[in-house]
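Mapping to full-length UniProt numbering: the sequence shown position 752 is 752, numbers consecutive. Cβ atoms here follow ideal geometry from the backbone N, Cα and C, with glycine treated the same way. Worksheet: the structure to be examined is printed underneath.
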Amino acid sequence: MIGTPAPLAGNDGDDGNAGPPQLAGCAEDAAAALKQMFVDLTQGARMSRGQDPVRRPVFLKPHGVARGVLTVSPDLPPDLRVGFLKTAHERPDGLAAWVRFSSDTVPGSPDLDTTLGIGVKLFGVPGPKLLDGETEAGTQDLLLQNHDVFFVDTAQDMCEFTRAGVVDGDYEQYLKDHPVTREILDAMARFEESALTADYWSVLPYAFGPERFVKYKLVPAGCAPGDPAAVPPDENPAYLGADLRHRLAAGTAAFDLLLQFRTDPQRMPLDRATVRWDEAESAPVTVARLTLRKQDVTARGQAAYGENLAFNPWHALAEHRPVGSISEVRRTVYQASAEQRRDVNGVPAAEPGPARPQLTPPPGRDTRIVRAAVHPAIGVARVGDSADEYVLAPEVDQPAPLPAGSYKDATGALKRQAVRFRVYGYNAAGEPVAELTADNADLRWTVHVANRKAAWYQFQLALDIPEADRTDDSNLRNPKVPADRRDRLVIDPGRRSVRGRNRSGGPEHTFDTGTFMDRRVYLGELRTDGSGRLLFLGGRGVSASATDTPADTFANNDGWHDDVSDGPVTAEVSIDGRPIPVDPGWVVTAPPNYAPELTSVRTMYDLVRDAFVTAGLLPEPPRPSFTRDVLPVLRRLCDLQWVNQGVAVQLGHGGREDLLDPARLAALADPSPVRRELRRQVWLTIRNYDRDGISPVPWPGVYGDAMNVPAQSVRQHVTLSPLQYRLLQRWARGDFVADHDPQAVPPASLDDVPFAERPRTLDRAALSFCLADAFHPGCELTWPMRHTTLYSSPFRVRLRDPALPPPPAYGPTLTPQIALSFDGPLYAQRPGDLTRWMAVPWQTDTASCRSGYEYLSGFGTYDPYLPTFWPARVPNHVIAEEEYAIVMDASRPIEERLAAFGNRRAWLRWLPPRYTDAINAMVTDFSRLGVVERRPGPTDDPRLPAELLVESEVTFPPEPAPPALRNLVALHVPLGADPVLGEAAMATAVTMAELPDEEVSAGYIDKVKRLRHDR
């Protein structure tokens, strides 16, 4: 049937002021006007937007194509043996048929309450056909829909209705003026349980021999039952297709073909399509049976064959001539549409020859989905206090930067980082076949997050390094809470589930029923996007003490909680009613990212990947790639210039070791022997524990797992992963792929990534924006992440079966031996098990992670800028708005602008100078600190970079403004913790440091005093 195309907007890509297209008049030439609107405008507009392959203008959502046979009883009366029925009567095996089921809607829309259509193409019908150019075609078409009348009477009516919507964009006014049309259209939007259980009518009349007229009707004559486990129609947008596939895979379906003869010319008009031919006055007569035998409608090539067929009521013998003005215009419109569609798609325009036989072709590329997996395998959300706004977590390694100001809302609140989870389907060979969304599958997401920090053990030091035996015991946090009450320390709201499109954080999707010491704590919520993908938003950065006691340490504040969390992300997926096993993912809520474009020199992805390569579970690259394996290390190292003054001087723009200078980078990317010494010099600057000991000089200038003041271990500083180091060593020798292209642009979004690489790109990007700097304890996650026992497969956390009893209690003290024991806490994980190792609350640790802690060593004097803890997440020194304005002011002397560019301010300058005051202020003020964002740089002098990363959106009160510090020295004073001598000891230390008072944050900083020796 001719359906109802969507209105055009602005002439579909043309100048919106050009006015409506010039159409033939509906009264003068309805066929020409309808052809323009359906074919030239509607179908043409979809082609111009890139529709490929080009589809029909109406009834373009297919539910399936089935092979069948039309048979006629030997006892059919002679007066009914007309046209194709006569041919079928003469053939005991009947006529082969191909049947297409569809809805008058677009493929992405739900099936529910749509108009169903059925197109039947009969084969082996000899004789000349009515359609131009098809006099010898051996086919006969029947077109029917699941309503017995049409919504307009004549071709002119159809033209005027279509023009109202397609050209004028105002169906509503036409329907107000034509209530009968509105009533019929409303009735046509009807629910059908199955395409195989619906009645279908031809709607329009046809000749039946020289003097009689009929309407066709198809009535179900039996089929297999539907799938009792099928997803409800209101939740599965493709339920009709799924049902069709299930029923025909289970058995045969059949329809009886009936004819309703015209018995009263007045009551049964030929050119008033809205008038129902009353079956009480002319009962339909059964003349044939259409049987669809058991089959797999998803068999290779079957759907494509059906979609390439063109159906037209004028593919007919003269005995079955369509009647009425709407039938007349269908001849023109259907033929023009089919010709254009077939020409563009490269399909022969002629009618097919013999019917396509039932085939069992050899398998091509395996596209059958046998399993699926959630990606990213570990997704990272971040806290923020914005009421409802959020940004998405990175999905590629170098995403396009957001505009400055994107990370805070209009009130100055910090936006949360939401993580988007997707499901990818895999074939039996483990190749990704398709992303599964609400468009092609039914997805039900379930997430269970918890916070177990307060019920876990204290952080003293990473328990998998030798120095763990030289620090205080890792005793239980909150040890005064008895064993039978410790469940009150666990914030566990239980599971939440969501399915469908555009779900948005309703009560049933919100993790707000967990409690800490009987106080409810919000841990986040679930949402979905327009394709049914999961969006997880974590907590709002709320940390508090149940006893209102101030925090006094960086990691182990008893009585405190925060609202970070972690836990499994599972998905129940079915495709066409067939359930698919799904590998679960994991979500982690972490502290904010205050430098969202930066990644550390050694990322969490680098560390975990190295663990799997070492275990033989992932291959080592056969040859290093400069672009993939070397350049990222150099870039990350230099990019820390935006968050640390020392790195800026060494490796920043114009610095003494600016590795990203185009000429320097070209030389480093050159594998020729002449550049070997340059490469070797850079490689030798990378820290090697066996060679460098505790020296702070080698790169990167970042603290390590055994950081202590004074330094006592080679792990005082971090180094690259062994895999990174080996790849750099081979690069230094010249054994690498020289694939550096200075003009190359990395994928800015997941859509820019080849499909086969998207799942692992998501996994990598999520962990690449997590730190693997000092696990002290860390920013997002900590040292257990480098143990492969934690995973079921690379990067996928092993989920502890919730049906199992809780893991055993490990006693009052967690020793390294217990922590690393078989089936200990580093094996299958429960909700909350990854983040339990982190500081509580996270703000006290973040405020403690600074740079240049003074320590004594035999390697030179104190450096106020390096080493540093986590600069890529917790900046040390930044370009402030005031300096940025000077840099951009071309009217100022260049020396003044260069000086402004070289100046950095302490990022934490807004917090109080006393250490304990600072860590408590961070709890309430964490969102007011600036975010380091990309800004355009000057273009008038190459000594200044074309782009800068600048501290933006500081929302502290402007008065009193903090001093313009170049650094904020964190001075560890051992006596600072003494209630009697503390104040005097700190004052003396500040005086002896010979630094201005406002530059010193002094106190007993237990974060940097971890080892027993010389305490």
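Is residue i near residue j, with beta carbons less than 9 Å apart?
{"i": "T437", "j": "R416", "result": "no"}
{"i": "K1007", "j": "T471", "result": "no"}
{"i": "V923", "j": "S543", "result": "yes"}
{"i": "Y594", "j": "G379", "result": "no"}
{"i": "R341", "j": "V54", "result": "yes"}
{"i": "D487", "j": "L523", "result": "no"}
{"i": "A381", "j": "L537", "result": "yes"}
{"i": "N475", "j": "F516", "result": "no"}
{"i": "R836", "j": "G567", "result": "no"}
{"i": "P700", "j": "V601", "result": "yes"}
{"i": "F208", "j": "H320", "result": "yes"}
{"i": "A546", "j": "G559", "result": "yes"}
{"i": "L944", "j": "R935", "result": "no"}
{"i": "T139", "j": "P352", "result": "yes"}
{"i": "L814", "j": "P802", "result": "no"}
Measuring alpha carbon to alpha carbon, tell me which residue in the options is nearest residue i.
{"i": "Y239", "options": "P107, V214, Q140, L258", "result": "P107"}
{"i": "E41", "options": "Y884, G165, R365", "result": "Per the sequence presented here, residue 41 reads as Leu, with Glu not at that position. If we check each option's Cα against that of L41, G165 comes out closest."}
{"i": "A393", "options": "P596, V39, H717, N146", "result": "P596"}
{"i": "S793", "options": "G654, S821, G530, V613", "result": "V613"}
{"i": "Q358", "options": "I694, R67, R46", "result": "R67"}
{"i": "A900", "options": "A338, D512, V887", "result": "V887"}
{"i": "G430", "options": "I369, R477, T513", "result": "I369"}
{"i": "R664", "options": "R800, P875, H740", "result": "H740"}
{"i": "E895", "options": "D735, P265, E883", "result": "E883"}
Put residue i into one of helix, strand or coil per three-state DSSP.
{"i": "E435", "result": "strand"}
{"i": "G902", "result": "helix"}
{"i": "residue 1083", "result": "Residue 1083 lies beyond the stretch modelled for the chain, which goes from 1 to 1015, so this question has no answer here."}
{"i": "N345", "result": "helix"}
{"i": "L23", "result": "coil"}
{"i": "L257", "result": "strand"}
{"i": "D576", "result": "coil"}
{"i": "H561", "result": "strand"}
{"i": "Y522", "result": "coil"}
{"i": "L537", "result": "strand"}
{"i": "K215", "result": "strand"}
{"i": "F421", "result": "strand"}
{"i": "R486", "result": "helix"}
Would you mind giving the Cβ-Cβ distance between residue i and residue j, rounded to the nearest angstrom? I have them listed as a contact below 8 Å.
{"i": "G778", "j": "M838", "result": "7 Å"}
{"i": "V65", "j": "A303", "result": "6 Å"}
{"i": "P816", "j": "A555", "result": "Not quite, the Cβ-Cβ distance comes to about 17 Å (not below 8 Å), so this is no contact."}
{"i": "P313", "j": "D141", "result": "6 Å"}
{"i": "V72", "j": "A288", "result": "5 Å"}
{"i": "Y206", "j": "K217", "result": "Not confirmed; about 12 Å, so no contact."}
{"i": "G539", "j": "S504", "result": "That pair is no contact at about 18 Å."}
{"i": "F150", "j": "V203", "result": "5 Å"}
Rounded to a whole number of angstroms, what is the C-alpha to C-alpha distance between residue i and residue j?
{"i": "T115", "j": "L598", "result": "53 Å"}
{"i": "D366", "j": "N427", "result": "6 Å"}
{"i": "D12", "j": "F38", "result": "Note that D12 scores a pLDDT of 32, beneath 50, so its modelled location is shaky; the value from the coordinates is reported in the next line. Going by the C-alpha atoms only, they are around 13 Å apart."}
{"i": "R182", "j": "N146", "result": "17 Å"}
{"i": "A410", "j": "A880", "result": "20 Å"}
{"i": "I1005", "j": "S848", "result": "8 Å"}
{"i": "K35", "j": "V180", "result": "25 Å"}
{"i": "L1011", "j": "P806", "result": "33 Å"}
{"i": "D529", "j": "K480", "result": "45 Å"}
{"i": "A667", "j": "P867", "result": "28 Å"}
{"i": "D75", "j": "G44", "result": "49 Å"}
{"i": "L196", "j": "M268", "result": "28 Å"}
{"i": "V697", "j": "W683", "result": "14 Å"}
{"i": "F795", "j": "H787", "result": "11 Å"}
{"i": "A30", "j": "A316", "result": "23 Å"}
{"i": "A273", "j": "T154", "result": "7 Å"}
{"i": "V125", "j": "W98", "result": "13 Å"}
For the ligand GTP, is there any heavy atom lying closer than 8 Å to the beta carbon of residue i?
{"i": "R578", "result": "The model depicted lacks the ligand GTP and carries no ligand whatsoever."}
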